[in-house]
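If you read the sequence shown in the UniProt record's numbering, its first letter stands for residue 3, the second for the next number, and so on.
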Amino acid sequence: QDLFQSPDYFAIDDLLKEEHLMIRSAVRQWVKKEVSPIIEDYCQRATFPTQIIDGLGQLGCFGPTIPVEYGGGGMDHIAYGLMMQELERGDSGIRSTASVQGSLVMYPIFTFGSEAQKKKYLPKLATGELMGCFGLTEPDHGSNPSGMLTNFRAEGDYVILNGAKMWISNAPFADIAVVWAKDESGVIRGIIVERGMEGFTTPETKGKWSLRASATGELVFDNVKVPKENILPGASGLKGPLTCLSSARYGIAWGAIGAAMDCYEAALRYAKERIQFGRPIAGFQLTQKKLAEMITEITKAQLLNWRLGVLKNEGKATPAQISMAKRNSCEVAANIARNARTILGGMGITGEFPVMRHMMNLESVMTYEGTHEIHLLITGMDVTGLDAFK
Ligand code: TGC
Ligand code: FAD
């Protein structure tokens with residue numbers, strides 16, 4: 003806990019329980035030891051560091067809120083948020099891997115799965131022995147997933163799955179995929195597809211300038227024969243995947259502020275040390291404006307996230323509140339990354355500092371799990387009662 007260095011301008015630690023501080027400290031120290039020293043290199047090489055999967059599992063970063071009996075951490079939502087904050091302080095791609103595994107693979111299996119599915123998959127997903135991905139987005143249906151074309155039809159004890167998903171985090175190495183597809187009546191259902199099933203391939207998406215340390219790919223289904231028992235019995239309609247997104251978006255609200263904290267701390271340190279015109283650049287009013295606004299926005303976001311966590315623990319957080327927090331954190335973090343980069347001058351564009359990497363990552367974070375525009379429209383709809391999507 004003593005090693006934890008983080009902006010806490012409004013003594014928000016006083017609002018946290020001892021167990022929260024311990025979890026945060028454990029993840030923070032692990033990130034410092036296992037992620038920070040290697041991440042720049044993996045990012046430059048556009049490779050996901052698979053060797054960290056075991057550590058993420060041991061720390062409890064996969065499914066922290068899933069009950070212990072299924073291998074999860076049995077923790078509350080503030081603990082989950084703090085974990086995502088610390089992981090994303092390391093890199094958004096690392097947090098992404100944990101978000102997908104916990105909120106988009108374990109959560110739907112736990113919430114909508116049969117007892118047999120929960121017992122078969124959850125304990126192995128919790129340790130990282132099995133890795134999963136979540137297929138909702140399609141080439142022609144991103145913000146509007148209800149138009150999806152991926153579909154299946156019944157054939158005896160199996161269903162035959164056809165279609166394609168795009169932009170899927172963890173797809174290139176995932177052992178299983180939670181896939182959302184329409185049944186013969188056009189109803190969206192969740193189905194667990196396993197690597198090795200004939201006709202199922204996961205080509206990697208190359209050439210990204212963002213989230214380079216995260217593996218992204220497609221899911222292609224060419225008459226894939228999936229046992230009927232792999233359909234999630236409890237999910238029917240778009241509400242199923244959107245409920246999972248509410249869990250993952252909540253984690254991102256905390257995570258993006260972790261990236262913002264890392265940028266702020268790098269910029270503050272540099273500004274105190276860098277001398278120009280005979281004095282530290284931190285002494286110039288223009289630099290102070292940037293730093294003062296950064297810490298103000300981080301503090302406001304920390305408080306918003308904490309309150310959202312309390313509401314979530316009480317079962318009272320609404321999807322629209324989660325959208326507001328996800329959008330706010332992305333906005334705050336992206337602005338802080340850009341301003342931190344200016345404080346670092348030319349050094350800001352190098353891998354000597356984490357800032358440019360965070361800045362580029364945050365472009366994806368602002369886009370996935372619902373774009374910045376979609377979340378603004380969700381707030382707009384919530385306060386006006388009028389849907390501006392269609
Ligand atoms: P709409 O009619 O509004 O909703 C359909 C049903 O779903 C309910 N609902 C939600 N339930 C839980 N949580 C939410 N956030 C929910 N939002 C809506 C809604 O009440 C309704 O229920 P019911 O009972 O009436 O059927 O649906 P729509 O088709 O009008 O769409 C609304 C819209 C645009 C907001 C939605 O489609 C949307 O959120 N679009 C954005 C798509 C998106 O976020 N995709 C993310 C893909 S996954 C991903 O990016 C993973 S990145 C992972 C990583 O690397 O970290
Ligand atoms: P589009 O929906 O085509 O949007 C393009 C632009 O139009 C955006 O600015 C958008 O805001 C705007 N727009 C669209 N509709 C409206 C409207 N009604 N009003 C105003 N503006 C609108 N998906 C998964 O299913 N699983 C994953 O694991 C996953 N991981 C991802 C990882 C990365 C690195 C990235 C970049 C994406 C990932 N996604 C994943 C996909 C992500 O969720 C989509 O990219 C996102 O939902 C947006 O869809 P789109 O890219 O098709 O953009």
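All residues carry an ideal CB built from backbone N, CA and C; glycine is no exception. Note that the structure is predicted; figures quoted are calculated from it, not measured.
At the C-beta level, Gly137 and Val189 stay beyond 9 Å of one another. When DSSP states are grouped into helix, strand and coil, Arg214 belongs to the coil group. Judged by the Cβ position, Glu371 qualifies as a neighbour of the ligand FAD at the 8 Å threshold, a heavy atom of the ligand being closer than this.
With a cut-off of 8 Å on Cβ pairs, the stretch 331-341 is in contact with the stretch 257-274, counting three or more such pairs.
For Phe279, the number of other beta carbons within 10 angstroms of its own is below 16, and it is reported as exposed.
One Cα belongs to Thr52, the other to Glu36, and the distance between them is close to 12 Å.
According to the DSSP assignment, Arg340 belongs to the alpha helix (DSSP H) that extends over Pro321 to Ile345. A Cβ-Cβ contact shorter than 9 Å links Ser325 with Ile380. Note on Asp93: 16 or more other CB atoms within 10 angstroms of its CB, so buried under the neighbour-count rule. Considering only Pro147, Leu17 and Lys210, the residue with the shortest C-alpha distance to Ser366 is Lys210. Look at the beta carbons and you see the stretch 290-309 not touching the stretch 120-131: under three pairs across the two are nearer than 8 Å. Your pair Thr139 and Met168 checks out as a contact, with CB atoms roughly 6 Å apart and the cut at 8 Å.
With a 10 Å radius around the Cβ and a threshold of 16 neighbouring Cβ atoms, Lys314 comes out buried.
As DSSP reads the structure, Thr203 sits in a beta bridge with Val222. Taking Pro205 as reference, the option from Asp10, Glu220, Ala183 and Met199 with the minimal CA-CA separation is Glu220. Your pair Met133 and Phe202 does not check out as a contact, with CB atoms roughly 15 Å apart and the cut at 8 Å. The shortest CA-to-CA distance from Gly104 to any of Ser27, Ser216 and Gly73 is the one to Gly73.
Taken through DSSP and simplified to helix, strand or coil, Tyr160 comes out as strand. Judged by beta-carbon spacing, Pro235 lies beyond the 9 Å limit of Ser98, meaning their Cβ atoms are not closer than that value. Residue pairing by DSSP puts Asn153 in a beta bridge opposite Asn164 and Lys184. Assignment of Phe114 by DSSP, reduced to helix, strand and coil, places it in the helix class. Note on geometry: alpha-carbon atoms of Ala294 and Thr113 lie some 43 Å from one another. Within the same chain, and ignoring the five residues on either side of Leu240 in sequence, the residues whose Cβ sits closer than 6 Å to its Cβ are Ser148 and Ile190. When DSSP states are grouped into helix, strand and coil, Arg281 belongs to the strand group. With a threshold of 8 Å, the Cβ atom of His360 does not count as near the ligand FAD, since no heavy atom of the ligand is closer than that. Taken from the Cβ of Lys241, at least one heavy atom of the ligand TGC lies inside 8 Å. Look at Ile254 here: in three-state DSSP terms it is helix. With contact defined as three or more Cβ pairs closer than 8 Å, the stretch 25-44 and the stretch 53-68 are in contact. C-alpha of Asn341 to C-alpha of Ala335: approximately 10 Å in a straight line.
Listed in chain order, the non-local C-beta contacts of Val226 below 6 Å within the same chain comprise Leu163, Met199, Gly201 and Phe202, local neighbours out to five positions each way being set aside. Checking the DSSP bridge columns, you'll see Gly192 partnered with Trp182. Judged by the Cβ position, Lys392 qualifies as a neighbour of the ligand TGC at the 8 Å threshold, a heavy atom of the ligand being closer than this. At least one heavy atom of the ligand FAD is found less than 8 Å from the C-beta of Gly137. In the structure shown, Glu140 adopts extended strand secondary structure according to DSSP, grouped into three states. Residues of the same chain with a CB within less than 8 Å of the CB of Gly350, apart from the 5 flanking positions on each side, are Ala342, Arg343, Thr344, Val357 and Met358 in chain order. Val102 and Asn153 do not touch by the CB rule: their CB atoms are close to 23 Å apart, not below 8 Å.
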